[in-house]
Each structure stands twice: as structure tokens, then as C-alpha cells.
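Under the working numbering, the first residue of the sequence shown carries the number 21, and numbering increases by one thereafter.
The structure appears right after this line, and notes come after that.
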Amino acid sequence: MLPRRSFALEFEINAARGGGDVGPCGSLMLSPARACRNSHPGACVASLTVVSQGAGSSGKRIPRSTPPPSNSALILPAVIEARGHRRHYVWDGRRVVAVPQSPEASSSHHPSRPTCAATLRRLWRGMQTSFFPPEEDVTADYWTYIRWRAAHRLFSSMSGVFATQSMLLAVGVGARRSLAGAATVNWVLKDGLGRLGRLSAATRFGESFDADLKRFRFVTSVMFCGALALEYATPLFPRLFLPLAALANVGKNVGLATYVATQPAFHQSLARRGNLADISAKSQAQQMVWDSLGLALAVAAGALCRRSEQALRLLPLLAFPVLCAGDLCSIAGEMRSVQLRTLNRERADIL
Numbered sequence: 021m022l023p024r025r026s027f028a029l030e031f032e033i034n035a036a037r038g039g040g041d042v043g044p045c046g047s048l049m050l051s052p053a054r055a056c057r058n059s060h061p062g063a064c065v066a067s068l069t070v071v072s073q074g075a076g077s078s079g080k081r082i083p084r085s086t087p088p089p090s091n092s093a094l095i096l097p098a099v100i101e102a103r104g105h106r107r108h109y110v111w112d113g114r115r116v117v118a119v120p121q122s123p124e125a126s127s128s129h130h131p132s133r134p135t136c137a138a139t140l141r142r143l144w145r146g147m148q149t150s151f152f153p154p155e156e157d158v159t160a161d162y163w164t165y166i167r168w169r170a171a172h173r174l175f176s177s178m179s180g181v182f183a184t185q186s187m188l189l190a191v192g193v194g195a196r197r198s199l200a201g202a203a204t205v206n207w208v209l210k211d212g213l214g215r216l217g218r219l220s221a222a223t224r225f226g227e228s229f230d231a232d233l234k235r236f237r238f239v240t241s242v243m244f245c246g247a248l249a250l251e252y253a254t255p256l257f258p259r260l261f262l263p264l265a266a267l268a269n270v271g272k273n274v275g276l277a278t279y280v281a282t283q284p285a286f287h288q289s290l291a292r293r294g295n296l297a298d299i300s301a302k303s304q305a306q307q308m309v310w311d312s313l314g315l316a317l318a319v320a321a322g323a324l325c326r327r328s329e330q331a332l333r334l335l336p337l338l339a340f341p342v343l344c345a346g347d348l349c350s351i352a353g354e355m356r357s358v359q360l361r362t363l364n365r366e367r368a369d370i371l
């Protein structure tokens, strides 16, 4: 129930809607909310008060106001809060009704006290904007693709850490009488030979990549895992470090060259609105996150075995089969999830 003097509200509305010139009129004031114990306990209404305004000494009549749109509610200048809920009191043309505010509108009244849920929502929206393109800008297979790619980057990052650890043990880093000069020369030589292998693969097979993207990508991934196996074996044959590491680096660089060459084609098939650059940038951001997580997990596993030199040597050998299998399975799932919109060699032969 509204207070007894609620007729004053109707008087003001009628005056504002142009019911004719009105003489000395009243203005409507809403006092702060107060609990009213009526048929709805705990309900909260505003008391309506009419403040009379005389015509004044001039005796002039107040002109009528411009009528508002017929379909718009007149929002009263009051917001009432009761039991944590904020409400607007509006005039819907027949009566005063209380309209609950949305969480966004409620939080705007107290910008200095954001709720925990609102903060989490803002953080989640920020992460989505930073790491993922808009859903309408990518194809449906994009989301399956990035899940497999996340697993691939995690396994690959951990494998890389253990491979580097194995080669450091092979060249004598950490030993009591390590020859720093010889270790440096071997390391530089194996990197140089690896770059030559990458150059050869890029110049010789570059034109063939487009013929069958998925096949080349998976075959070179198997080659990459084989190269990692050679790096893992270097501590077992320290005298053969240079040939093993150089051959491994050649295989890794061939796999890397194929990855760099084929990745834009996959991204192009996932883009719906020509947003290739956005998808590539988001892919790099996602890769950094999963690579960092894999690095942290591998370092943590190594820290658990730091008290035993034998455990440090065995850890990469025991982890390699699991990581390699997980990496290849993830790449296979990644390739299956992408639906290429172009003809490869097999599709062209069928047609």
C-alpha cells in the first residue's frame, strides 16, 4: 500500500502530461526508505511528501510542462536499498512500482567497493579478450584445436627442458673437472650444423608443404621426437656428443621449419573474417603460457631429484617415452580437429 498522500503523485503526473495550466502546484519529494510492516513484511517503500509552492507575489501561473513519451516510465529521483537490494521507484502510468537494479547498475553506485564476483568476471573477460579471439570470428573447430595444441605445447616444453638437461650433463656441466672451453665449442658447433639443416629443409621442401600440410606436419613431428631421443642419449655416450647433438639439432630444425611454414595455413582455415593476424597473435600468447607451465613442471621435477645424481640422469630417460607419446598424440588430435578448406593432393586425386 502506498502512503495516504499518494494522490499527490498522480496530481503531478497529470500536470506534467499537459492537463492544462495549473495554478499553485506541489512538487513531489521522496524521503529515504523505511520498513513498513504490512501484508508483505520486510517490504520497503518511500514516503511521498507534497511541498506546496504558492503562486508568489507576482501571481503568475506556472506553464505546463512538455509531455513525456507515452511509453516511458517516469523515474523518481530516489534509489532505495533494503537488505542489500537496490531498487528504483518508477511510475508506470497507473501506480508506483519498485524495479530491482541489475548487478552492473548496482555496482556503479559504489565504484570504490566492487564485489568479488564482479572483479572475477572482469578478470575472466580480460583473459578471454587477451588470449582468445571473439567466438564469431573463428570456426567451430578452433576450440578443439587449441585444446589439443595446449597439450602439445605442454609436453613439448617439458621434453625440451629434459633434453637440455641431458646435453648439459653430457658436456660436463656440473662435473668437478668440466672443460668449459670444449663444452662451449661443441655447443656452438651443434647449433651451427642445426641451422644448416633447417636452411636445407626450407629451401628444398618449401613448395611441397602446401600439397599435404597435415602429413608433412606430423612426419616432421615424429622426426623432432627422434631428434630429442638423440639428445636424451648424449649422457650415455659423452664422447659422441658432437655428432649426436648436431644430428639431433638438424632434425629439430627441420621440424621447426615445417611448423613455421604450415602454421599460417592452419590459422587461415580457422579464420572466418580474415582475422589471420589476430589468431596468430593469440596463438603466440597461448603458446607462451603453456610453454612456461611445462618449463615450471620440468624444473620442479628436477628439483625433487637434485639430491641424487643418478636420479637426475634417469629422470629424462624415464620421462621421455611418456612425454614423446603425449606430444605425438596431441599433434595427431590437433591435425584431426582442423578442417582444411582447401584441396590437398589426396582430395585432388579423388576428384
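A virtual CB, placed ideally from N, CA and C, is assigned to each residue, including glycine.
Let me know the secondary structure DSSP gives residue i once reduced to three states.
i: leucine 358; result: Per the sequence shown, residue 358 should be read as valine rather than leucine. Coil at valine 358, not helix or strand.
i: alanine 160; result: coil
i: leucine 256; result: coil
i: arginine 326; result: coil
i: aspartate 347; result: helix
i: phenylalanine 236; result: helix
i: proline 153; result: coil
i: proline 135; result: For clarity, residue 135 is threonine in the given sequence; the question names proline instead. Here threonine 135 sits in coil by DSSP.
Can you find the residues in the same chain that come closer than 8 angstroms, C-beta to C-beta, to residue i, ignoring five residues on each side of it along the sequence?
i: leucine 296; result: Pro284, His287 and Gln288
i: leucine 290; result: Val158, Thr159, Asp161, Tyr162, Tyr165, Ile299 and Val358
i: leucine 332; result: Gln185, Leu189, Gly322, Cys325 and Arg326
i: leucine 260; result: Thr254
Going by the DSSP bridge assignment, what does residue i pair with across the sheet?
i: alanine 291; result: Val158
By alpha-carbon positions, which one of the options ends up nearest to residue i?
i: alanine 266; options: Leu216, Thr223, Ala318 and Ser312; result: Leu216
i: alanine 316; options: Leu337, Cys349, Gly180 and Phe152; result: Gly180
i: valine 191; options: Val116, Gly294, Leu264 and Ser328; result: Leu264
i: lysine 302; options: Leu143, Cys136, Ala137 and Glu155; result: Glu155
i: serine 177; options: Val239, Phe340 and Asp311; result: Asp311
i: threonine 282; options: Ala137, Leu140 and Leu233; result: Leu233
i: proline 258; options: Ala268, Met187 and Phe238; result: Met187
i: methionine 308; options: Ala170, Ala318 and Thr149; result: Ala170
i: phenylalanine 340; options: Leu360, Glu329, Ala318 and Pro153; result: Ala318
i: leucine 334; options: Leu256, Arg142, Pro153 and Arg145; result: Leu256
i: aspartate 369; options: Ala231, Phe175 and Arg142; result: Ala231
i: phenylalanine 182; options: Val280, Leu260 and Pro336; result: Pro336
i: alanine 345; options: Thr149, Phe175, Leu143 and Gln304; result: Phe175
i: glycine 353; options: Arg235, Leu338, Leu143 and Arg142; result: Arg235
Using the rule of at least 16 other Cβ atoms within 10 Å of the residue's Cβ for burial, across every protein chain shown, is residue i buried or exposed?
i: tryptophan 168; result: buried
i: glycine 314; result: buried
i: valine 184; result: Note on residue identity: the sequence assigns threonine, not valine, to residue 184. Classification of threonine 184: exposed, given that the 10 Å Cβ count is below 16.
i: valine 270; result: buried
i: alanine 28; result: Any reading at alanine 28 is ruled out, since the residue's pLDDT is 37, under 50, leaving its predicted position unreliable.
i: methionine 147; result: exposed
i: proline 97; result: The pLDDT assigned to proline 97 is 42, lower than 50, so where the model puts this residue is not dependable, and the model offers no usable value.
i: methionine 355; result: buried
i: cysteine 136; result: exposed
i: threonine 254; result: buried
i: arginine 327; result: exposed
i: arginine 237; result: buried
i: arginine 173; result: buried
i: leucine 343; result: buried
Apart from the five residues on each side of it in sequence, which residues of its chain come closer than 6 angstroms, Cβ to Cβ, to residue i?
i: glutamine 306; result: Phe151
i: alanine 268; result: Ala247, Leu250 and Glu251
i: leucine 360; result: Ser289
i: glutamine 304; result: none
Excluding the 5 residues flanking residue i on each side, which residues of the same chain have their C-beta closer than 7 angstroms to its C-beta?
i: serine 241; result: Gly275, Leu348 and Ile351
i: arginine 293; result: Asp157
Would you verify that the beta carbon of residue i is, or is not, closer than 8 angstroms to some beta carbon of chain C?
i: glutamate 155; result: In summary, chain C is missing from the structure at hand, where a single protein chain is found.
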